[in-house]
């Protein structure tokens, strides 16, 4: 009997084997088979790769004693591969654990994830009950429902109740979160509601826990998984619902390695599984909003915060007319006065600045030398805690020591503020207050993150200094004042989504304040008080922006009305990559209404010692150009020293 077997390798097709195993093999079964000089795990695939070549057919060694992949998962792998122009074998690899499967059973360990009638601890208000009833009324077959609600309105409780409905009927559930850092506080809310530890899946999950979760999911013994993008590829036995929390968050787009948008792929997986999917947000993405307008997605709204808590007031502090605290200060006297009022009431304060480190770049006052990364075309950021200059792209670290033209040490000037610099200034203003930094530099380990969150919740921290991580989903009961240190939204010309990202970011950020019903304010320090994005934020009417943005996108033939595919060509020789890119462009399919733009050098021309250029393909939304593009790309012979990456539906254009 001939059997097609797909391996987790960079091949776009299965390989044909013969089987003398007594039990019959069916699509989705895991097997061990010889491949080259080794024996590896593969999956029986539903179709053969037709070829005219004659070759010796090897034998499958054994069937692995693991529950098989169901037909909808096989279909999802196949579709994911075609849509994202990813080799089929690499798409399959994303469903496995370290290129393999888990045969061992973990019956005792499964028990800690067992969902337990929590009584009446969580009572929904009228709005929440109405939203839940609406979501239930649509049914258990495929549908996309947007659960939109102002920050702090209790959206999580609504979808927890919906998940409980389906768990009680024997289904499994997947909750996607955009950031690993969110899982700590979310886990406690989950445990309070479901009475069990959540099965958390992301890059920081230990190998042992991943083994337990993977096996529990495929056997149907673990009912709910919470995870980042990669959890979308878990092989559920009986998936009943997917929830994408903070659906607008650009973190759902993976740029490194295999490029894909986990939110969009989650919608497709729900469609193939014929199950409902809930997209949860306070301000929908442009794509989601367009689907709501076109009646493709259902929507239900929570317009009031939980326990009737008011939204924070918004006040703009014009730095042209306000006095800064002192020379080389980044905080206005008026801001300090406002903050003091909240501190005196026992409230917590958040100073927000979306820049890691101490200063975004350093130059020598004497010779004008600017410290740049030797590997990337970017400035080095000064991190005072490390006393090093650091590249935020490749991780290169550099000493501050450099001899100037007069053979003396450079006299350094640190330009602009980062969170460490704001922290230093605040320590001088408030020497007796407890102040902590929240950024990806300080929240690298789960234990540290958990410890910091508990300190905030127990009011052991007075002032937080944080980056955009703190805008996402955290609940701090005593946080009632937020200061945006630098509210100047000079948009990057290469980023078509910059305005959308800012609206969503600052709307989310404002939602961190006043969640327990107290008076709260968000202060925007700015030199551009008339900026359109800032005025949109201050009006607290994101729909006015979304409607205007849709008109602009339609006019400019941009997503969501057109689709984009980016081809990124990189290598160490700049003229060579441009020549190769021009050659690629000449071989791409010429089609009506399809525009091929470029090649041009990327805005960040060099990353990790490699120059980069882009070709951008723009095409109508109703055209599945991938099937034509795949053929053209497969015929291109890659030159030594050059790398070609394909990014379908790109979000990052740097």
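Numbering (our numbering), first residue to last: 23 to 676. Each residue gets a CB set at the ideal place from its N, CA and C atoms; glycine is no exception. This structure is a prediction, so every number in the text was calculated from the model and none was measured.
Tell me the DSSP secondary structure of residue 211 in three-state form.
On the chain shown, position 189 is the one that residue 211 refers to. If DSSP states are grouped into helix, strand and coil, residue 211 belongs with the helices.
Out of curiosity, what's the CA-to-CA distance linking residue 301 and residue 269?
Walking along the chain shown from the start, residue 301 turns up at place 279. Walking along the chain shown from the start, residue 269 turns up at place 247. Their Cα atoms are separated by approximately 6 Å.
So is residue 363 buried or exposed if we call it buried at 16+ other beta carbons inside 10 Å?
As a working mapping, residue 363 is identified with position 341 in the chain shown. Under this definition residue 363 is an exposed residue.
Residues in the same chain with beta-carbon distance under 7 Å from residue 119, minus the five sequence neighbours each way, listed in chain order, please.
As a first step, residue 119 must be located in the chain shown, where it is residue number 97. Around residue 119: 232, 233 and 236.
8 Å is my cut-off, CB to CB: does residue 660 come that close to chain D?
Judged by its chain identifiers, the structure shown contains no chain D, having just a single protein chain.
Strictly by DSSP, which residues pair up with residue 55?
Position 33 of the chain shown, counting from 1, holds the residue named residue 55. Partner(s): 62.
Do you know offhand how far residue 519's Cα is from residue 271's?
Within the chain shown, the letter at position 497 stands for residue 519. Within the chain shown, the letter at position 249 stands for residue 271. Whole-angstrom Cα-Cα distance: 12 Å.
In angstroms, rounded to a whole number, what distance separates the CA positions of residue 94 and residue 102?
Numbered from its first residue, the chain shown carries residue 94 at position 72. Numbered from its first residue, the chain shown carries residue 102 at position 80. Going by the C-alpha atoms only, they are around 12 Å apart.
Between the Cα of residue 197 and the Cα atoms of 160, 166 and 247, which residue gives the shortest distance?
Looking up residue 197 in the chain shown gives position 175. Selected option, being the one with the closest Cα: 247.
Thinking just about the alpha-carbon of each residue, which of 523, 490 and 496 is nearest to the one in residue 507?
By one-based count along the chain shown, residue 507 stands at place 485. Ranking the options by Cα distance to residue 507, first place goes to 490.
From the DSSP output, in three-state form, read off residue 271 for me.
Against the chain shown, residue 271 aligns to sequence position 249. DSSP places residue 271 in coil when its eight states are reduced to three.
Assuming residue 286 is part of the alpha helix (DSSP H), what are its boundary residues?
As a position in the chain shown, residue 286 is number 264, starting the count at 1. Counting along the chain, the alpha helix (DSSP H) containing residue 286 begins and ends at 284 to 295.
What are the complete alpha helix (DSSP H) segments, minimum 4 residues, inside the segment 176 to 240?
With a minimum length of 4 residues, the continuous alpha helix (DSSP H) runs that stay inside the segment 176 to 240 are 177 to 190 and 205 to 216.
Identify the residues that DSSP records as bridge partners of residue 298: which are they?
Within the chain shown, numbered from 1, the residue matching residue 298 stands at position 276. Per DSSP, 165.
Of the choices 650, 622 and 641, whose alpha-carbon is the least far from that of residue 611?
On the chain shown, residue 611 is found 589 positions in, with the first residue counted as 1. If we check each option's Cα against that of residue 611, 650 comes out closest.
To the nearest angstrom, report how far apart residue 322 and residue 155 are at their CA atoms.
Position 300 of the chain shown holds residue 322. Position 133 of the chain shown holds residue 155. Answer to the nearest angstrom: the Cα atoms are 10 Å apart.
Please say whether residue 535 and residue 485 have beta carbons closer to each other than 8 Å?
For this step, residue 485 is matched to residue 463 along the chain shown. For this step, residue 535 is matched to residue 513 along the chain shown. Contact flag unset, no.
The alpha helix (DSSP H) spanning residue 521 covers which residue range?
For this step, residue 521 is matched to residue 499 along the chain shown. Its alpha helix (DSSP H) spans residues 520 to 532.
Can you tell me whether DSSP reads residue 447 as helix, strand or coil?
Residue numbering aside, residue 447 sits at position 425 when the chain shown is read from its first letter. Helix.
Output needed for residue 598: all residues of its chain with C-beta closer than 8 Å, excluding positions within five of it in sequence on either side, in chain order.
On the chain shown, residue 598 is found 576 positions in, with the first residue counted as 1. Excluding positions up to five away in sequence, the list reads 661, 663 and 664.
Looking at C-alpha atoms only, which residue of 176, 174 and 192 is the closest neighbour of residue 162?
Position 140 of the chain shown, counted from the first residue, corresponds to residue 162. Closest option to residue 162, Cα to Cα, is 192.
Check the DSSP bridge columns for residue 641 and list the partner residues they point to.
Taking the chain shown and counting its residues from 1, the one referred to as residue 641 is at position 619. Its beta-bridge partners are 585.
Roughly how many angstroms separate the alpha carbons of residue 100 and residue 117, rounded to a whole number?
Against the chain shown, residue 100 aligns to sequence position 78. Against the chain shown, residue 117 aligns to sequence position 95. The straight-line gap from Cα to Cα measures roughly 12 Å.
Is there contact here, the segment 554 to 572 with the segment 210 to 223, by at least three beta-carbon pairs under 8 Å?
With a cut-off of 8 Å, the segment 210 to 223 and the segment 554 to 572 do not count as touching, because too few Cβ pairs lie within range.
Which stretch, first to last residue, makes up the beta strand (DSSP E) that contains residue 362?
Taking the chain shown and counting its residues from 1, the one referred to as residue 362 is at position 340. Not the beta strand (DSSP E): residue 362 falls in the alpha helix (DSSP H), residues 355 to 366.
Restricting to Cα atoms, I'd like to know which of 404, 353, 564 and 47 is closest to residue 305.
Looking up residue 305 in the chain shown gives position 283. Ranking 404, 353, 564 and 47 by Cα distance to residue 305 puts 564 first.
In the DSSP output, which residue or residues are listed as bridge partners for residue 102?
As a working note, residue 102 is residue 80 in the chain shown. For residue 102, which the question treats as bridged, DSSP gives no partner whatsoever.
In three-state terms, what does DSSP make of residue 765?
What the structure shows of the chain is the stretch from 23 to 676, and residue 765 is not part of that stretch, so it cannot be assessed.
Using only alpha-carbon positions, find the residue among 252, 274, 292 and 623 that is nearest to residue 263.
Sequence index remark: in the chain shown, residue 263 carries index 241 (1-based). The shortest Cα separation from residue 263 among 252, 274, 292 and 623 belongs to 292.
Would you list the residues sitting across from residue 636 in a DSSP beta bridge?
Your numbering for residue 636 matches position 614 in the chain shown. Paired residue(s): 590 and 622.
Which residue or residues does DSSP assign as beta-bridge partners of residue 87?
Translated into the one-based positions of the chain shown, residue 87 becomes position 65. Note: residue 87 sits in no beta bridge, so no partner.
Should the segment 372 to 392 be called in touch with the segment 425 to 432, which here means at least 3 C-beta pairs below 8 Å?
At 8 Å Cβ cutoff, the stretches touch.
Apply the 10 Å Cβ neighbour rule to residue 342 and answer buried if 16 or more other Cβ atoms are within range, or exposed otherwise.
Here residue 342 refers to the residue found at position 320 when the chain shown is read from its first residue. Exposed is the call here.
In the structure shown, what three-state DSSP assignment does residue 252 receive?
Counting from one through the chain shown, the residue named residue 252 turns up at place 230. In the structure shown, residue 252 sits in a helix (DSSP, three-state: H, G or I).
Determine which residues share a DSSP beta bridge with residue 122 and list them.
Taking the first residue of the chain shown as 1, we reach residue 122 at position 100. Per DSSP, 119.
Anyone know if the C-beta pair for residue 405 and residue 379 falls short of 8 Å?
In the chain shown, residue 405 corresponds to position 383, counting from 1. In the chain shown, residue 379 corresponds to position 357, counting from 1. Result yes, Cβ atoms of residue 405 and residue 379 sit closer than 8 Å.
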